[in-house]
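Novice: Residue numbers (my numbering): 239 to 497.
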Ligand code: F6R
């Protein structure tokens, strides 16, 4: 695992966007797993900036949502398909048919989950998956005690997560109780994982994910199992890492061929 510590959230966005673009460039028809929430927004701003400067194009890319609420009408601004359209897809040259999410309106949720995994596999799997981290350690919406080998399925949100996400809704009661999320096993199948976080409120979660014991009680610790995980965080989010100085040294002394 590589841990990159930078000054602030904008720098997190710039560095993570460079990591993502480098991985996408390696494939002719790349696949990019996208997350919602606040943490990825600086990454999306950086990707939109790179697109506007002609540095990157998404015409051959397919984007896949990490998760989706159940029970929201398709035109709801907080449905994650709409959130990603607003934050990223609607500002770049991604063909409309290349944005994929689980079919949250399908009457058979299990079928929708299996079908989502099938489409991802058909396109060769996810090349690079961007993730944030929840205050209870969730990645995607894999709440504590999620199986470390879980696949895409329905999950019930914890009271903590519904409370954390209430800021996006008119009232806390409007936050859906159920979601479809890629499983931890599905997330670990991605070729490259890029986890982003910024701010002091993420410091405890980042320390447990990077340095804590591997445990289903803290799903983000599963990134320790991945062969190519990059954690991009700001100084505040790095505040509780025991080996922060070591990670800075590793990054500062990276051999030129690895840059
Ligand atoms: C969103 C998602 C969640 C968020 C997490 C952190 O698609 O899967 O795991 O990444 O809840 O959210 P923020 O970044 O808003 O703190």
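For glycine and all other residues, C-beta sits at the position ideal for the given N, C-alpha and C.
Looking at the unbroken beta strand (DSSP E) that takes in residue 262, where does it start and where does it end?
Specialist: Per DSSP, residue 262 belongs to no beta strand (DSSP E); it is in the alpha helix (DSSP H), 247–263.
Novice: Determine the closest residue to residue 422 out of 454, 300, 361, with distance taken between C-alpha atoms.
Specialist: Comparing Cα positions, the closest option is 454.
Novice: Classify residue 318: buried if its beta carbon has 16 or more other beta carbons within 10 angstroms, exposed otherwise.
Specialist: Its Cβ being crowded by 16 or more others within 10 Å, residue 318 is buried.
Novice: Closest by CA to residue 391, which one among 450, 304, 437?
Specialist: The residue with the shortest Cα to Cα distance from residue 391 is 304.
Novice: Three or more beta-carbon pairs under 8 angstroms between the stretch 375–389 and the stretch 357–364, yes or no?
Specialist: The answer is no - the stretch 357–364 does not touch the stretch 375–389, with fewer than three Cβ pairs under 8 angstroms.
Novice: Do residue 269 and the ligand F6R come close, with the Cβ less than 7 angstroms from some heavy atom?
Specialist: No, since every heavy atom of the ligand F6R falls outside the 7 angstroms radius drawn around the Cβ of residue 269.
Novice: Could you tell me which of 359, 326, 418 sits nearest to residue 269, measuring between CA atoms?
Specialist: Residue 359 is the option with its Cα nearest to residue 269.
Novice: Measure the C-alpha to C-alpha separation of residue 280 and residue 349 and round it to an integer number of angstroms.
Specialist: Cα-Cα distance, rounded: 34 angstroms.
Novice: With respect to the beta strand (DSSP E) encompassing residue 366, which residues constitute its N-terminal and C-terminal limits?
Specialist: Note, residue 366: beta strand (DSSP E), 366–369.
Novice: Would you grab the beta carbon distance between residue 239 and residue 448 for me? Rounded to a whole angstrom, and I think it's under 8 angstroms.
Specialist: Indeed, because the Cβ distance is near 7 angstroms, the residues count as touching under 8 angstroms.
Novice: For residue 279, does the three-state DSSP call read helix, strand or coil?
Specialist: In this structure, residue 279 counts as helix in the three-state DSSP scheme.
Novice: Determine, using beta carbons only, whether residue 402 and residue 249 come nearer to each other than 8 angstroms.
Specialist: Not in contact: residue 402 and residue 249 (Cβ atoms no closer than 8 angstroms).
Novice: Contact check, residue 496 vs residue 431 under 8 angstroms by CB: the rounded distance?
Specialist: Going by Cβ atoms, the distance from residue 496 to residue 431 rounds to 17 angstroms, so no, they are not a contact pair.
Novice: Specify the secondary structure class of residue 402 as computed by DSSP and reduced to three states.
Specialist: Note: residue 402 maps to helix in three-state DSSP.
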